[in-house]
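Here is the structure we will look at, set down as structure tokens.
Residue numbers (the UniProt record's numbering): 1 to 340.
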């Protein structure tokens, strides 16, 4: 499978070639992680095989194995991940996080191309401008949600506080447990392979363009808020965190992680401290996950500011499916102190 650059996206990002990020991930980071596990006596694979290819393209291309030919497929996006699929995604995520944390502890920081990735100062400035417009529209739509009067004022005050502080929020705290986050960890970037009986046999990740070093709660919130079914999203949230932590510690021990192991309490504290990322996931990826198929569902409309883009996003936030999720997720975040 050949991935080609989208010129307008590259022009938008300007200072960062996302293919540089993904090339380093596939060519260096992932093989290094898989060898880390192999040396520990366990065979772990995180994604498709990658093939180097010289190209005259200004931004390069990505040539990789087509996972569909191996029987991999995405889960049903609109239905969301059930308990079993969420567990399998978290199990592989725990292996990923344990591997990257151990690698940094043993060899030092990752190259800036992947540890910072697309999150340059220029990108953060651009995101502030886009977020300002998107937040205004989002809040207008939230006014129509049942029960919004409970949390809306607190949510808006929180949004104002973090609007000018987005960059510092992305900085990692060296005193806390940190990993190389996948960075775009949602249902469409996870592929499952099934056996003849329909049971999940393997789980792979795709699209390593938004990786960033920092607290693991970024990946956790993105997955658990955006991509789980309504039936399990909040009912099993704490269970999922425990499930992830169990596998995280198991793999850190396997890899002989030389630092203090993060406790379950540590992970929960990090989730509470960075609760605003739960709102970001609800405002962003969750809306995309729950979007009905439409010819208007383009990156241009998602990130654009034209009247057509604004109308598209308005309909996205006001859709019945999104409202059903948002009307339980937003008050839940409020009661957890995420807006403080």
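Every residue, glycine too, gets a C-beta built ideally from N, C-alpha and C.
How do the segment 275 to 290 and the segment 215 to 226 stand: do at least 3 beta-carbon pairs fall below 8 Å, yes or no? yes
Check whether the Cβ atoms of residue 152 and residue 143 sit closer than 8 Å, and answer yes or no. yes
Coarse secondary structure for residue 181, derived from DSSP in three states: strand
Under a three-way DSSP split, which group does residue 118 fall into? coil
Can you tell me whether residue 273 is helix, strand or coil according to DSSP? Residue 273 falls in the helix class under three-state DSSP.
Cβ separation of residue 62 and residue 110, assumed to be a contact under 8 Å, to the nearest whole Å: With 8 Å as the limit, residue 62 and residue 110 do not qualify as a contact, their Cβ atoms being about 19 Å apart.
Count the other CB atoms, across all protein chains shown, that sit within 10 Å of the CB of residue 168; report buried if there are 16 or more and exposed otherwise. exposed
So, helix, strand or coil for residue 171, using DSSP? coil
Could you check whether the segment 89 to 106 touches the segment 243 to 251, counting it as contact only if at least three pairs of C-beta atoms, one from each stretch, sit closer than 8 Å? yes
Neighbourhood of residue 275 by C-beta distance below 7 Å, restricted to the same chain and skipping five residues each side: 333, 336, 337, 338
Check whether the Cβ atoms of residue 24 and residue 113 sit closer than 8 Å, and answer yes or no. Yes, these two residues count as a Cβ contact at 8 Å.
Which residues in the same chain have their Cβ closer than 7 Å to the Cβ of residue 188, if we skip the five residues on either side of it in sequence? 74, 77
On the CB-based measure, 16 or more other CB atoms within 10 Å of its CB, does residue 316 come out buried or exposed? Residue 316 should be labelled buried.
Shortest alpha-carbon distance to residue 162 belongs to which of 132, 209, 191? 132
Provide the residue(s) that pair with residue 190 in DSSP beta bridges, ordered along the chain. Bridge partners of residue 190: 205.
I'd like to know if the segment 205 to 225 and the segment 169 to 176 are in contact, where contact means that at least 3 CB-CB pairs between them fall below 8 Å. yes
Pick helix, strand or coil for residue 228, following the three-state DSSP scheme. Three-state result, residue 228: strand.
Who are the near neighbours of residue 67 in its chain, counting only those whose CB is closer than 7 Å to its CB and skipping five residues on each side? 48, 191, 204
Start and end of the alpha helix (DSSP H) containing residue 25? Premise fails: residue 25 is in no alpha helix (DSSP H) and is neither H nor E.
Starting from residue 77, trace the alpha helix (DSSP H) both ways and give me its first and last residue. Careful: residue 77 lies outside any alpha helix (DSSP H) and carries neither H nor E.
Output the distance between the C-alpha atoms of residue 146 and residue 269, rounded to the nearest integer angstrom. 29 Å
Which value, in whole angstroms, describes the spacing of the CA atoms of residue 327 and residue 243? 26 Å
Would you check if the distance between the CB atom of residue 118 and the CB atom of residue 18 is smaller than 8 Å? yes
Using the Cα positions of residue 255 and residue 88, report the straight-line distance between them to the nearest angstrom. 20 Å
Length of the line joining the Cα atoms of residue 116 and residue 21: So the two alpha carbons sit approximately 9 Å from each other.
Cutting at 7 Å between CB atoms, please list the residues of its own chain near residue 324, excluding the five before and the five after it. Take residue 324, set aside five residues on each side of it, and the residues of its chain with a beta-carbon closer than 7 Å to its own are 230, in chain order.
Which residues bound the beta strand (DSSP E) around residue 212? Element bounds for residue 212: 212 to 214.
Ends of the alpha helix (DSSP H) at residue 302? 299 to 303
Can you have a look at residue 294 and say buried or exposed, based on whether 16 or more other CB atoms are within 10 angstroms of its CB? So residue 294 counts as exposed.
Is the CB-CB distance between residue 241 and residue 279 below 8 Å? no
What residue does the alpha helix (DSSP H) around residue 1 start on, and which one ends it? That residue, residue 1, is in no alpha helix (DSSP H); it is neither H nor E in DSSP.
With residue 262 and residue 177 assumed to form a contact (beta carbons below 8 Å), what rounded beta-carbon distance in angstroms separates them? 4 Å
By how many angstroms is the C-alpha of residue 108 removed from the C-alpha of residue 134? 38 Å
Pair within 8 Å by beta-carbon distance, residue 93 and residue 238: no
Terminal residues of the alpha helix (DSSP H) in which residue 63 lies: From DSSP, residue 63 is part of no alpha helix (DSSP H) but of the beta strand (DSSP E) over 62 to 64.
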